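**Student:** Protein chains in written order, with the numbering used here: chain A, 1 to 371; chain B, 372 to 669.
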Amino acid sequence: MRDRFFRLLALVAIAGLVLAACGSDDAGETPPAASDGGTTEPVDISGTTLTVSNWDAYMPKSVIKDFEKETGVTVEYAIHTTNEDIMGKLTGANGTGFDLVFVSGPFIEPLVGLGYAAEIDHSQIPNIANLDPEATELAFDPGNVHSVPYTWGTTGICFRKDLLSETPSSWEAFHTAAPDTEGKMTMLGTDRWLLQPALLTLGYSVNTTDPAEIEEAKAWTMEAKENLLAFDDTTFYSKLVSGEASLVQAWDGWCEYGRLEDPKNIDFVIPDEGSDLWVDNMVVMESSENKAAAHAFIDYILRPEVGKQIVEFTFYKMPNAEVMSAVDPAVIEGYPTLAISPAELFEQEVQTDLGEEGTILWTETATEIKA
Amino acid sequence: MSTATAPARRVRSRVWGPRIALLGPGTAWWLVFFLVPVGVLIAYSFFSRGPYGGVIYEPTLKNYARALDPLYVGVLWTSVRVATIATAAALLLAYPAALFIARASPRWRVPLLVLVILPFWTSFLIRTYAWIVLLNPAGLINRLLRGLGLVDESLPLLYNEFAVTLGLVYAYLPLMVLPIYASLERLGPQAAEASADLYASPAQTLRKVTIPLTLPGIVAGCIFVFVPSLGNFIVPDLLGGGRTVMVGNVIQQQFLQARDWPFGAVLAMSVIVLMFVVLVVQAQVLRRTQEVEHGRPA
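1) Beta-carbon within less than 7 Å of Lys161/A's beta-carbon, same chain only, minus the 5 sequence neighbours each way: which residues are those?
2) Sort Ile120/A, Ser287/A, Glu215/A, Ala135/A by Cα distance to Asp280/A and report the nearest one.
3) Taking just the CA atoms, how far does Gly445/B sit from Leu462/B?
4) Given Ala198/A, which residues of its chain have a CB within under 6 Å of its CB, disregarding the five upstream and five downstream residues?
5) Establish whether the CB of Ala78/A and some CB of chain B are separated by less than 8 Å.
6) Quick check: what's the CA-CA separation for His122/A versus Leu90/A?
7) When the Cα atoms are used, what is the spatial distance from Thr616/B to Ala371/A?
8) Would you please state the rounded distance, in angstroms, between the beta carbons of Val323/A and Pro304/A? I believe it to be under 8 Å.
9) Run down chain B in chain order and give the residues with a C-beta less than 7 Å from the C-beta of Pro110/A.
10) By the criterion of Cβ-Cβ separation under 9 Å, what are the contact partners of Phe604/B in chain A?
11) Cα separation between Val241/A and Leu229/A?
12) Near Leu100/A, which residues of its chain fall below 8 Å by C-beta distance, leaving aside the five closest residues on each side in sequence?
13) So the candidates are Asp180/A, Lys317/A, Thr48/A, Leu277/A; which of them puts its Cα closest to the Cα of Leu163/A?
14) Give me the chain A residues within the contact set of Phe647/B, using Cβ-Cβ distance strictly less than 8 Å, ordered along the chain.
15) DSSP state of Lys184/A, grouped into three classes?
16) Count the CB pairs spanning the stretch 634-649 of chain B and the stretch 436-444 of chain B that are closer than 8 Å, and state whether there are at least three.
17) Return no unless some Cβ of chain B is closer than 8 Å to the Cβ of Ile360/A.
18) For Arg7/A, count the other beta carbons within 10 Å of its own beta carbon; 16 or more makes it buried, fewer makes it exposed. Which is it?
19) Output the distance between the C-alpha atoms of Ile360/A and Ala469/B, rounded to the nearest integer angstrom.
20) For Met87/A, go through chain B and note every residue whose CB falls closer than 8 Å to its CB, in chain order.
21) Does the distance from the CB of Ala224/A to the CB of His175/A come in under 8 Å?
22) Whose CA, out of Pro587/B, Tyr570/B, Glu564/B, Ser416/B, lies closest to the CA of Gln661/B?
23) Whole-angstrom Cβ separation of Arg630/B and Met87/A, contact assumed at under 8 Å?
24) Give me the subset of the stretch 502-531 of chain B whose CB atoms are less than 7 Å from a CB atom of chain A, sorted by chain position.
25) Between the stretch 238-256 of chain A and the stretch 383-400 of chain B, are three or more C-beta pairs nearer than 8 Å?
26) With distances taken from CA atoms, which of Asp568/B, Ala562/B, Phe597/B, Ile594/B is nearest Val580/B?
27) Within the continuous beta strand (DSSP E) that includes Glu76/A, where are the two ends?
28) In the DSSP output, what is Arg160/A paired with across the bridge?
29) For Pro422/B, list the residues DSSP reports as bridge partners.
30) Can you give me the C-alpha to C-alpha distance between Asn620/B and Glu70/A, rounded to a whole angstrom?
31) What did DSSP end up calling Ser238/A once you bin it into helix, strand or coil?
32) When you measure from the CB of Met282/A to every non-hydrogen atom of the ligand FMN, does any distance come out below 7 Å?
33) Using a cut-off of 8 Å between C-beta atoms, extract the partners of Ser242/A located in chain D.
34) Considering only the beta carbon of each residue, do Leu138/A and Val306/A sit closer than 8 Å?
35) Checking 8 Å against the spacing of the C-beta atoms, do Ser169/A and Asp272/A come in under that value?
36) Do you know offhand how far Glu68/A's Cα is from Lys308/A's?
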């Protein structure tokens, strides 16, 4: 009796496994069919639901409420903590579950490759004309075929003027510590930014996949690690405010969060070797059954009076001249990284996808550095 | 079992009905939420990463070969070492505490136990951040030590393996106290009293009577601390400053940063195998204690 029971159990388990495997197999071969891609007729979107996933606190709640009021669309606003997080959710659900997602540039190519990203119908987004010309020729998606830039910026050194004897000007600062920075620096720990100071100092591309160049960058970064307080992606600016750190690798907008708390002493610099241009984008999902509302949302975000609220809330620049000229000049004066011009940003190298081998090599290198 | 008579069948049906009713929900839960996911994980570990992430259903063993790279074996070793030290430290702290609670007057036992589980009322993440506030060079502990003149310069308490171990001990200490308390409670004071009547010193009683008889609780507590410590990736990230990498971090990196689910699955499997070994050890210890309790066959 007991044997039979267990045999039954085993059977059920195996059936479950086979079902699970078949389910994902089928789904893997047939990407979800496009529903209304490419229509230009105005569609009544009121009463529909739009599921969006974005980073936390990356958009004021009022913007979403106003959009709901104006269009009658209900916005389900989900949060992801990192690009990797939303990629995991999408891969696990085979590209379904969201109508519109916010991701950084290097993730556009994988989203397109996996068949998850829909083509953007420019005719449904008249405000796309507000984009800076630079934002329409980004290396990861020239012509905005699959993505519309939301915000952009660069990575640099955020530091405490009062704790340093001289203003940092080079990524080398992490590598050759001074008495006032030794053990008081943090670097970003995510793969893409972890190797960047090394690659830029050594004169290599921030998108390199050459094993020899990465090996060199690894050695540089491991030497730099000895001088660091920690690798930190989330609280580096508060370490700066508390004085635990005097110099940190930081995204421009996050440095401004530090300046918000200590406007007198915290400053930001793009090192002489240059930096990256990162772009966060809006991508409509191919599986979406409400592409019309997704397009309407993008169009809404690109309006000057809406974008202005986003910039003043996040301290990040939008690649949108109309928006930037609508921003309160006092805000730009108080948070000078907002004044970095599109031309200056465009001198930095755009981060793109590293490909299969490259991604694996970069992650392995990051593990080696931290282990 | 071959030919069942009528009465026997009646008995069986009477027994099996409620049995299935009682076992059903738990078994279904276990199947759907444990066995199937683990099965999927095992299946993934034999496939390949797609060019953009995801899984391609081409069977391969290369993920297993890659896991033998000294880099990953080293990370696994670090994890086992840190988890072992954390478990030992938790045991040293928890045993006296559990003993104290078990010996306290019944009136005090419940409040004391509530104090033990009190930390669980707040988010684990927030409690871990709280340690950053305590341990940092300008933090409370260092200021106190400097203020008392015990140290001249701030001690490096944060962003190293010490901080990771401390964070793990703190996080899982209640899981050590509770099973030890339960087995002390079950043991009752009689054995210790008998031991004292036979002129054993308190130390001898503890060593030769109390500890051996509460071994099942000790082993259970050790497993409750060791297993989650081994897989934890939040504490190494926050308190280790990303400079101590444990296997949980590597698994997380493989699933997220590298989008290499098959390789992540292999690393997860290695942790499952390790835990299986630990459970086998526990079963052995339990069997031996039972032999002691019920008298060894001569």
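Think of the CB as a built atom: it goes at the ideal place given N, C-alpha and C, for glycine as much as any other residue. Please read all numbers here as calculations on a predicted model, not as lab measurements.
**Tutor:** Once the coordinates are examined:
1) Asn265, Asp267
2) Ala135/A
3) 26 Å
4) Once the five neighbours on either side are set aside, the close Cβ partners of Ala198/A are Ala217, Trp220, Thr221.
5) no
6) 24 Å
7) Note on identity: in this sequence residue 616/B is Val, with Thr being the wrong assignment. Between the alpha carbons of Val616/B and Ala371/A lies a gap of roughly 5 Å.
8) Going by Cβ atoms, the distance from Val323/A to Pro304/A rounds to 5 Å, so yes, they are a contact pair.
9) Tyr423, Gly424
10) Going along chain A, no residue has its Cβ under 9 Å from Phe604/B, so there is no contact; the nearest lies around 12 Å.
11) 15 Å
12) Leu50, Thr51, Val52, Ser53, Met282, Val283, Val284, Met285, Ser288, Ala294, Phe297, Ile298
13) Asp180/A
14) In chain order: nothing, as chain A lies at least about 17 Å away.
15) coil
16) yes
17) yes
18) In this prediction, Arg7/A has a pLDDT of 47, which is less than 50 and means its spatial position is unreliable; what the coordinates show is noted afterwards. Arg7/A comes out exposed.
19) 47 Å
20) Gly424, Leu627, Arg630
21) yes
22) Pro587/B
23) 6 Å
24) Asn507, Pro508, Ala509, Tyr530
25) Cβ pair count under 8 Å is below three, so no.
26) Ala562/B
27) 74-80
28) Ile266/A
29) Paired residue(s): Gly424/B.
30) 44 Å
31) helix
32) Of the ligands one can find in the structure shown there are none, so the ligand FMN has no counterpart to examine.
33) The structure shown contains no chain D; its protein chains are A and B.
34) Not in contact: Leu138/A and Val306/A (Cβ atoms no closer than 8 Å).
35) yes
36) Note on geometry: alpha-carbon atoms of Glu68/A and Lys308/A lie some 18 Å from one another.
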